[in-house]
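Structure, as structure tokens:
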Amino acid sequence: MTRFRTDKSLEHAERIMLVSVLLSDTYSGSNESRERQFQAACAEAAELVKATGGDLVCTETAKRDKAHTALFVGTGKAEELAQKVQENQIELVVFNHELSPTQERNLEKILQCRVLDRVGLILAIFAQRAQSQEGKLQVELAQLQHLSSRLVRGYKHLQSQKGGIGLKGPGETQLETDRRLIQTKITQLRKQLDQVKKQRETRRKARLSGSLKTFAIVGYTNAGKSTLFNRLTKADVLAKDQLFATLDTTARRVYLNENASVILTDTVGFVQDLPHKLVSAFSATLEETALADVLLHLVDAADPELERKIQDVNAVLAEIKADKIPQIVVYNKIDLLPENEQNSGYLKNHLGETIAVRVSAVSGAGLADLRATLTEQAS
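All letters in the sequence shown, in the order written, are residues 362 to 740 by this note's numbering.
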């Protein structure tokens with residue numbers, strides 16, 4: 362079967378410009394606080410771009426009261442960006458925002474290069490990271506759904522792409538052909554995902570037949586979830602210092618002592634403003650989190666934006682209806698804190714009465730306390 366190569370996939374070492382816009386209603390607080398949050402979001406977007414393997418050549422920022430209907434950034438800024446695209450031989454412009462199909466199309470005409478929005482960027486990373494059949498199917502489905510809304514007259518048709526997807530039917534325009542073939546492929550992918558979901562449910566029932574409690578590690582991407590998972594389970598899950606190093610869900614049994622054991626799952630990390638359509642697309646994977654007995658909410662203790670990231674994670678948990686599940690806050694990377702802050706009350710519990718534990722998944726500090734907490738919660 363021919364597989365799709367969407368027009369919005371990223372090529373290795375592609376020359377990229379990143380654009381971020383501070384809108385008046387984006388952040389709350391003082392001007393200083395809003396600027397700080399904006400700069401943090403820009404830095405995170407830069408890491409997302411680098412995670413694709415592309416070459417981030419330059420970054421551009423702008424401020425507006427609200428997004429321009431046709432171009433998001435406005436005519437003057439778009440023309441300025443077009444000049445810089447030419448000067449820097451930019452091949453791809455990434456906007457750290459969700460663009461409408463019209464905005465994306467208009468920007469490509471002015472900039473004379475490919476444009477990718479935040480949804481497309483995250484999908485490109487997901488496409489690179491997916492390892493399991495389920496993960497790959499979910500990514501491909503989400504990519505096609507995203508692409509289908511961007512098929513308009515004048516759009517470069519799919520048959521001209523590498524790995525073309527078929528021939529026209531009688532009397533069809535190329536646009537109609539592309540839409541029909543994409544919809545057919547989407548239907549096929551949904552059927553395949555339904556089958557995979559049934560298989561996952563069968564495995565889950567078998568895993569839970571022994572009445573072991575399930576603990577799911579959740580948290581912001583790059584908080585150290587996979588490293589902690591490997592420490593506790595002695596597994597070998599990919600753990601890298603990069604965003605979305607883990608995409609597929611992994612489950613292992615953890616023996617806490619001679620009399621107690623639990624099931625531990627490692628899942629995809631969350632990011633700020635994770636687009637709703639991506640949450641929906643990965644519902645099968647996120648289902649593992651929603652069905653857990655307890656959540657280990659992993660937080661990077663050395664991150665100055667930790668409070669905001671805790672809120673972002675909880676927002677996604679609410680969206681997948683996992684916000685009522687008991688949480689244990691695990692402050693990770695305490696080895697990166699000044700020594701006088703590692704074992705003091707410096708790290709206040711940001712989730713009220715929730716149990717909090719301080720650890721370093723790298724050095725092993727605090728893991729005995731975490732195991733004791735898991736043992737207590739497993740009983």
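All C-beta atoms, glycine included, are put in the ideal place defined by N, C-alpha and C.
| Query | Result |
| --- | --- |
| Straight-line CA distance for Ile483 to Leu409? | 7 Å |
| Taking only the alpha-carbon atoms, compute the straight-line gap between Thr538 and Leu735 and give it to the nearest angstrom. | 55 Å |
| Do you know how far the Cα of Lys427 is from the Cα of Gly390? | 18 Å |
| Report back the beta-carbon spacing between Leu453 and Cys474 to the nearest angstrom; my notes put them in contact at under 8 Å. | 6 Å |
| Should Tyr581 and Val674 be called a contact, given that it needs their Cβ atoms to be closer than 9 Å? | yes |
| So who's on the other strand from Leu589, going by DSSP bridges? | Answer by DSSP bridge pairing: none, since Leu589 is not bridged. |
| How is the alpha helix (DSSP H) around Ala404 delimited, first residue to last? | Asn392 to Ala412 |
| Quick check on the DSSP output: what are the complete alpha helix (DSSP H) runs of length 4 or more inside the segment 635-703, in order along the chain? | 637-642, 644-651, 667-680 and 700-703 |
| Report the rounded CA-to-CA distance for His518 versus Arg669, giving the unit in angstroms. | With a pLDDT of only 42 at His518, under the threshold of 50, the placement of this residue in the model should not be trusted; the figure read from the coordinates follows. Rounded to whole angstroms, His518 to Arg669 spans 41 Å at the Cα level. |
| What are the residues that DSSP puts in a beta bridge with Thr422? | Ser381 |
| To the nearest angstrom, how far is it from the Cα of Val690 to the Cα of Ala423? | 36 Å |
| Could you tell me if Lys694 is buried or exposed, where buried requires 16 or more neighbouring beta carbons within 10 angstroms of its beta carbon? | buried |
| Along the chain, where does the beta strand (DSSP E) that runs through Arg466 open and close? | No beta strand (DSSP E) holds Arg466; the alpha helix (DSSP H) holding it covers Pro462 to Leu472. |
| Taking one C-beta from the segment 540-552 and one from the segment 491-510 each time, how about it: are there three or more such pairs within less than 8 Å? | yes |
| Taking the alpha carbon of Ala746 as the point to measure from, which residue in Lys552, Leu635, Arg511 and Thr575 has its own alpha carbon closest? | The chain is shown only over 362 to 740; residue 746 falls outside these bounds and no answer can be derived. |
| By the three-class DSSP mapping on this structure, what secondary structure does Val480 have? | helix |
| Hey, out of Ala431, Thr563, Thr650 and Asn618, whose CA is closest to Leu731's CA? | Asn618 |
| Got a sec? Which residues, its chain only, sit under 6 Å from Ala488 by beta carbon, not counting five neighbours each side? | Val500 |
| Hey, is the segment 375-392 in contact with the segment 440-449, meaning 3+ C-beta pairs nearer than 8 Å? | yes |
| Using beta carbons (cut-off 9 Å, strictly below), is Val691 in contact with chain B? | Here there is only one protein chain, and chain B is not present. |
| Is the CB-CB distance between Leu657 and Val579 below 9 Å? | yes |
| Can you tell me which of Thr715, Ala676, Pro687 and Gly727 puts its alpha carbon nearest to the alpha carbon of Asp329? | The structure shown has nothing for residue 329, since the chain only spans 362 to 740. |
| Look at Leu589 and Leu659 and say whether their C-beta atoms are less than 9 Å apart. | yes |
| Along the chain, where does the alpha helix (DSSP H) containing Ser622 start, and where does it finish? | Element bounds for Ser622: not the alpha helix (DSSP H) but the beta strand (DSSP E), Ser622 to Asp627. |
| By a C-beta neighbour count over all protein chains shown, 10 Å radius and 16 as the cutoff for buried, is Gly725 buried or exposed? | exposed |
| Sort Arg511, Thr548, Arg466 and Gln556 by Cα distance to Glu495 and report the nearest one. | Gln556 |
| Please state the DSSP three-state secondary structure of Gly580. | strand |
| Would you give the residue range spanned by the alpha helix (DSSP H) that Thr734 belongs to? | Leu728 to Ala739 |
| Is the beta carbon of Pro687 sitting closer than 9 Å to the one on Glu459? | no |
| Taking the CB atoms as reference points, tell me whether Asp650 and Leu678 lie closer together than 9 Å. | What sits at residue 650 in the sequence shown is Thr, not Asp. Yes, these two residues count as a Cβ contact at 9 Å. |
| If distances are taken between C-alpha atoms only, which option among Val418, Ser461 and Ala407 comes closest to Leu432? | Ser461 |
| For Ala663 and Leu698, I'd like the C-alpha separation in whole angstroms. | 6 Å |
| Using beta-carbon positions only, say whether Asn457 and Cys419 come within less than 9 Å of one another. | no |
| What does the alpha-carbon distance come out to for the pair Lys470 and Arg425? | 22 Å |
| Could you tell me whether the Cβ atoms of Thr628 and Lys586 are closer together than 9 Å? | yes |
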